[in-house]
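In my numbering, the protein residues as written are -5 to 154.
Just so you know, even glycine gets a beta-carbon here, dropped at the ideal spot from N, CA and C.
Report on one structure; see the data block that follows.
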């Protein structure tokens, strides 16, 4: 995905003691256990799609942004975003961050900027991007599946 950024890229400082960021060993261990893929909401959505007879590709690493689910035939990518990591309700949530604010605020804002860039890239190439919050998948799984299936049905009717 070699393209110029439309906005200046947010520079996130390295999380280390030399930069003034401190953490406990327990916190460091907990953070190391956080997954980037194969999360519970992602697995729920994949299982529901499979049960509905919808076949897909998982974590297509060659596609920009490494979508959680890809439908190459329909030019559709699906991301299941964690509400903390991708800045859900960011205006309110950033006020609740208490420790290492200089790192976390920039980190999450950079994630949000990257999400916008990825969305723009796919839309410029004629792809559809669907992003679901992790809590949406957990609470309204049927709605998420329906949105994906409806898109595929519409796209299928245009292809055939």
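Setting aside the 5 residues that flank it on each side, residue 4 is surrounded in the same chain by 100, 103, 104 and 107, each with a C-beta closer than 8 Å to its C-beta; the list follows chain order. For residue 63, no alpha helix (DSSP H) run applies; the uninterrupted beta strand (DSSP E) run containing it begins and ends at 63 to 65, by DSSP. With a beta-carbon spacing of about 18 Å, residue 109 and residue 86 fall beyond the 8 Å limit used to define contacts.
The beta carbons of residue 50 and residue 43 sit about 6 Å from each other, so the pair counts as a contact at 8 Å. In the DSSP assignment, residue 6 falls outside any alpha helix (DSSP H) and carries neither an H nor an E.
In this structure the segment 116 to 129 lies against the segment 68 to 83, because at least three pairs of beta carbons, one per stretch, are closer than 8 Å. Taking 9 Å as the cut-off, the Cβ atoms of residue 131 and residue 38 count as close. Following the DSSP letters along the chain, one finds residue 72 inside the beta strand (DSSP E) bounded by residues 70 to 75.
In the structure shown, residue 115 adopts helical secondary structure according to DSSP, grouped into three states.
When secondary structure is reduced to three states using DSSP, residue 48 falls in the coil class, being assigned neither helix nor strand.
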